[in-house]
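I have placed the structure first, in the form of structure tokens, so that the comments after it can refer back to it.
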Amino acid sequence: MDEVARLALIDIGGRLDLYVSDYRWMCEAFIAEEFHFRRNRTYRLKTFAEAEREVYARPEVMERYVRGILISQLVWEPHARAFDMFRNAFLGAAQAGSDYLEIGPGHGLFVYFAAHCRAIASIEAWDVSQSSIAETRNALARLGVTRDVRIELCDVVQAPPRHEAFDLAVISEVLEHLEQPDLALRSLHAALRPGGRIFVNAPVNSPAPDHIYLWQSPDEFVSFFEQQGFDVEYARFFPVTGASLGTALRKRLSISCVLLGRKRDADLTEI
Numbered sequence: 067m068d069e070v071a072r073l074a075l076i077d078i079g080g081r082l083d084l085y086v087s088d089y090r091w092m093c094e095a096f097i098a099e100e101f102h103f104r105r106n107r108t109y110r111l112k113t114f115a116e117a118e119r120e121v122y123a124r125p126e127v128m129e130r131y132v133r134g135i136l137i138s139q140l141v142w143e144p145h146a147r148a149f150d151m152f153r154n155a156f157l158g159a160a161q162a163g164s165d166y167l168e169i170g171p172g173h174g175l176f177v178y179f180a181a182h183c184r185a186i187a188s189i190e191a192w193d194v195s196q197s198s199i200a201e202t203r204n205a206l207a208r209l210g211v212t213r214d215v216r217i218e219l220c221d222v223v224q225a226p227p228r229h230e231a232f233d234l235a236v237i238s239e240v241l242e243h244l245e246q247p248d249l250a251l252r253s254l255h256a257a258l259r260p261g262g263r264i265f266v267n268a269p270v271n272s273p274a275p276d277h278i279y280l281w282q283s284p285d286e287f288v289s290f291f292e293q294q295g296f297d298v299e300y301a302r303f304f305p306v307t308g309a310s311l312g313t314a315l316r317k318r319l320s321i322s323c324v325l326l327g328r329k330r331d332a333d334l335t336e337i
């Protein structure tokens with residue numbers, strides 16, 4: 067993760083105190099959600115409209131959230147290990163001339179590495195938050211990305227499918243923010259060309275200020291993923307920092323489910 071740390075420090079620039087403060091703020095918000103989860107066994111928010119009202123439509127919240135997530139990318143073991151899978155197993159196997167789509171680019175590190183992957187011909191990213199898009203664009207500028215990256219205000223659940231327009235799709239820590247994550251994956255299924263590959267990262271038992279959809283085990287998430295028309299080629303499960311996978315399963319702690327999949331040959335009947 068040395069290269070990722072270097073890039074994060076470039077992004078942070080001379081504003082380390084601000085980023086550390088926002089990371090602490092984010093952690094405190096997560097702890098409050100954890101108390102609710104432990105008491106009620108559910109996430110506090112149930113609808114996307116609630117998350118939009120409390121988080122996505124509030125620039126003062128989104129800006130802090132994105133900065134906190136960037137720090138977590140470095141210091142939270144599941145985030146760091148998932149990112150290594152993205153760089154090595156996913157981008158490392160990209161075929162020359164690939165068209166790349168990312169949902170929820172956030173801090174911009176995934177897009178940065180995609181932009182420096184010689185096999186990728188074009189890059190497009192969608193987000194539902196103007197504040198998040200602004201943070202992504204600012205981050206890419208500070209990181210020195212000069213190639214064209216198309217970033218659109220677009221909801222993957224509501225957008226009409228871009229039929230077979232991409233070879234690679236990335237949706238990392240987004241599905242848990244949706245009321246109907248199956249629709250997001252089906253939209254990506256339609257957008258991928260035959261044999262297209264997808265990188266998915268979603269946590270189970272992971273309360274947060276904007277998490278809506280709860281999966282309770284890695285097996286449940288894998289089954290959900292396969293039902294949307296994908297085959298799993300590689301799967302890894304990373305428990306919260308400091309816990310073993312067995313402990314996390316027994317105590318219902320957060321586990322990041324990272325899947326590398328491929329579009330199944332047979333199309334779904336309903337997209």
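Residues in the sequence shown are numbered consecutively from 67, following the working numbering. Idealized CB from N, CA, C, for every residue including glycine. Note that the structure is a prediction, hence the values are computed from the model and not measured.
Euclidean distance between Cα positions of residue i and residue j
| i | j | result |
| --- | --- | --- |
| E190 | A160 | 16 Å |
| R316 | N267 | 21 Å |
| L251 | E94 | 31 Å |
| G327 | F296 | 6 Å |
| A204 | D88 | Contrary to the premise, residue 204 reads as Asn rather than Ala in this sequence. Distance between the alpha carbons of N204 and D88: 17 Å. |
| P273 | D233 | 32 Å |
| V306 | E100 | 13 Å |
| G261 | E239 | 23 Å |
| R104 | R263 | 36 Å |
| S322 | P144 | 6 Å |
| A301 | F265 | 10 Å |
| V185 | A235 | It is Ala, not Val, that sits at residue 185 in the sequence shown. Distance between the alpha carbons of A185 and A235: 14 Å. |
| R107 | A187 | 44 Å |
| I135 | Y166 | 23 Å |
| V194 | W91 | 22 Å |
| L334 | S253 | With a pLDDT of 48 at L334, under the threshold of 50, the modelled position of that residue is not reliable, and the figure given next carries that caveat. If you take the alpha carbons of L334 and S253, they lie about 11 Å apart. |
Element boundaries [alpha helix (DSSP H), containing residue i]
| i | result |
| --- | --- |
| K317 | 311-317 |
| L244 | L244 -> no alpha helix (DSSP H), and no H or E assigned at all. |
| N204 | 196-208 |
| D165 | Note, D165: premise wrong, no alpha helix (DSSP H); beta strand (DSSP E) at 164-169. |
| W192 | Where W192 is concerned, there is no enclosing alpha helix (DSSP H), although the beta strand (DSSP E) it sits in stretches over 186-193. |
| C220 | It is not in any alpha helix (DSSP H) - C220 carries neither H nor E in the DSSP assignment. |
| V86 | 82-106 |
N- and C-terminal bounds of the beta strand (DSSP E) containing residue i
| i | result |
| --- | --- |
| E286 | Per DSSP, E286 belongs to no beta strand (DSSP E); it is in the alpha helix (DSSP H), 284-293. |
Residue burial classification, residue i (beta-carbon count within 10 angstroms, cutoff 16)
| i | result |
| --- | --- |
| T202 | buried |
| A98 | exposed |
| V215 | buried |
| S141 | Note that residue 141 is Val in the sequence shown, not Ser. Exposed is the call here. |
| R213 | exposed |
Contact belief for residue i with residue j at Cβ below 8 Å, rounded distance in angstroms
| i | j | result |
| --- | --- | --- |
| I278 | A117 | 6 Å |
| M151 | S197 | 28 Å between Cβ atoms; not a contact. |
Original post:
Hey, which unbroken runs of the beta strand (DSSP E) at 3 residues or more fall wholly within the segment 228-274?
Top reply: The segment 228-274 contains these whole beta strand (DSSP E) runs: 232-238, 258-270.
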